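Undergrad: Supplied in structure tokens, the structure appears directly below.
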Amino acid sequence: MQIEVDFDVYKALTLLRRNEEDSYNDVVRRLLNIAEEAPNLLDCDENLKPVGIIPEDQIARLLAGLDAPGVWMGNVFLPDGTKFRATYKGQTFRAEIKDQRWQDEEGNVRHSPSDAAGAISGTKVNGWRFWYVKRPNDDDWLRLDDLRR
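According to our numbering, numbering within the sequence shown proceeds without interruption in unit steps and concludes at 203.
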């Protein structure tokens, strides 16, 4: 079964993923407050509304976060507050998406993960493999390359 969604809905669902293993189905289940095992849809409150379903206006507010500031790097959206870390020659380097720009610890703006990695290493580096990332809603650090599809 396939469900068609527009690009804005796809972006919103992608932002709500907790990590790479978190499927779009998992995101929708959380939004609708549906348990891992399908609930009995006949469970209703006194107003005959299904129990455990998020009201439409609350879903709209969650999806409105899509307009949150951030940057697109290829097909990956990185909201403001996204953190990066990398270890090179025993030293840990950090960066963050701030004000819709990639900024390193010294406040230098970089235009791509590879630009930022190259500034550290002094050579051409695949920044997607160099950096680990933790978006504001992520539980754990992921290799930046794992976010690409």
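Glycine included, each C-beta is placed from N, C-alpha and C at the ideal position. In this text the structure is predicted, and so the values were computed from the model without any measurement.
Taking the straight line between their C-alpha atoms, what separation do you get for W182 and A66?
TA: One-based indexing of the sequence shown puts residue 182 at position 128. One-based indexing of the sequence shown puts residue 66 at position 12. Between W182 and A66, the C-alpha separation is close to 22 Å.
Undergrad: Which residue marks the beginning of the alpha helix (DSSP H) containing I174, and which one marks its end?
TA: Within the sequence shown, the letter at position 120 stands for residue 174. Counting along the chain, the alpha helix (DSSP H) containing I174 begins and ends at P167 to S175.
Undergrad: Would you call the CB atoms of E159 and F147 closer than 8 Å?
TA: As a first step, residue 159 is located in the sequence shown; it is residue number 105 there, counting from the start. As a first step, residue 147 is located in the sequence shown; it is residue number 93 there, counting from the start. Yes, the pair counts as a contact, with Cβ atoms nearer than the cut-off.
Undergrad: Could you compute how far the alpha carbon of L196 sits from the alpha carbon of G135?
TA: As a working note, residue 196 is residue 142 in the sequence shown. As a working note, residue 135 is residue 81 in the sequence shown. Approximately 15 Å between the Cα atoms of the pair.
Undergrad: Determine the direct distance from the alpha carbon of A170 to that of T141, and round the result to whole angstroms.
TA: If you number the sequence shown from 1, residue 141 lands on position 87. If you number the sequence shown from 1, residue 170 lands on position 116. If I take the Cα positions, the gap works out to 13 Å.
Undergrad: Do Y186 and F138 come within 8 Å of each other at the CB atom, strictly closer than that value?
TA: Numbered from 1 along the sequence shown, position 84 holds the residue referred to as residue 138. Numbered from 1 along the sequence shown, position 132 holds the residue referred to as residue 186. Yes, the Cβ-Cβ distance between F138 and Y186 is below 8 Å.
Undergrad: The beta strand (DSSP E) spanning G124 covers which residue range?
TA: As a working mapping, residue 124 is identified with position 70 in the sequence shown. Here the beta strand (DSSP E) through G124 covers G124 to M127.
Undergrad: Determine the contact status of Q154 and P123, defining contact as a CB-CB distance below 8 Å.
TA: The residue labelled residue 154 in the question sits at position 100 within the sequence shown. The residue labelled residue 123 in the question sits at position 69 within the sequence shown. Yes, they are a contact pair.
Undergrad: Could you pull the start and end residues of the alpha helix (DSSP H) that L70 belongs to?
TA: Along the sequence shown, one-based indexing puts residue 70 at 16. That residue, L70, is in no alpha helix (DSSP H); it is neither H nor E in DSSP.
Undergrad: Hey, L85 and N191: beta-carbon distance below 8 Å or not?
TA: Indexing the sequence shown from 1 puts residue 85 at position 31. Indexing the sequence shown from 1 puts residue 191 at position 137. The answer is no: Cβ separation not under 8 Å.
Undergrad: Report all residues from its chain with a CB closer than 7 Å to the CB of I57; omit the five preceding and five following residues, and keep chain order.
TA: Stepping through the sequence shown from its first residue, residue 57 is reached at position 3. So no residue of the chain qualifies.
Undergrad: If you compare alpha carbons, which of T68, V59 and F61 is closest to L201?
TA: Locating residue 201 in the sequence shown gives position 147, where the first residue counts as 1. Comparing Cα positions, the closest option is T68.
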